[in-house]
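For the sequence shown, our numbering begins at 4 and goes up steadily by one. Have a look at the structure below, then the notes.
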Amino acid sequence: MNVPLGQATRELLDGRNFATVATLNSDGAPQTSVVWVTRDADTVLFSTTAGRRKARNLARDPRISLTVVDSANPYRSVEIRGVAELSEDPGKTLPALLSHKYLGEDPPAEGPEVLRLIVRVRPQRVNAFPV
4 MNVPLGQATR ELLDGRNFAT VATLNSDGAP QTSVVWVTRD ADTVLFSTTA
54 GRRKARNLAR DPRISLTVVD SANPYRSVEI RGVAELSEDP GKTLPALLSH
104 KYLGEDPPAE GPEVLRLIVR VRPQRVNAFP V
């Protein structure tokens with residue numbers, strides 16, 4: 004069951020704060036990556052390419068955890084656990100949106116052979132700190 008995001012969590016996701024994403028390797032070991040994020044209502048979005056370890060892990064096991072720390076106050080953070088859905092992004096629209104959010108400019112060009120994916124995280128548990 005998806006849970007709604009609180010106002011403080013929405014503010015963290017809407018800011019220029021980085022997220023650390025944790026997925027599970029096939030042997031059960033965790034794999035982490037730092038990513039740019041945005042949200043669509045109460046879901047979290049980030050971009051990756053089809054060949055990345057996190058994409059392969061999520062295709063096999065959609066369980067995911069991500070932590071966002073407030074860059075202005077590292078004692079304020081949120082952990083979101085849930086399930087991820089992968090979808091193709093042939094127009095590479097999400098990397099452009101994220102690049103403008105974080106850098107204020109277009110991302111570097113990628114060739115047509117690069118398959119971009121949108122990862123949509125549907126929260127099942129949200130832990131905000133401080134509470």
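Positions of the beta carbon are idealized from the N, C-alpha and C atoms, including for glycine.
Boundaries of the alpha helix (DSSP H) around A11: 10 to 17. Here the alpha carbons of V129 and P110 stand approximately 30 Å from one another. Going by DSSP, P33 is part of the beta strand (DSSP E) stretching over 33 to 38. For P77, no alpha helix (DSSP H) encloses it, and the DSSP letter there is neither H nor E.
Measuring C-alpha to C-alpha distances from T46 to each of V37, P133, R84, N20 identifies R84 as the nearest. Judged by DSSP secondary structure, S50 falls within the beta strand (DSSP E) whose first and last residues are 46 to 52. Taking a contact to require three or more Cβ pairs closer than 8 Å, the region 39 to 57 and the region 112 to 123 qualify as touching. Secondary structure note for N20: it is in no alpha helix (DSSP H), with a DSSP letter that is neither H nor E.
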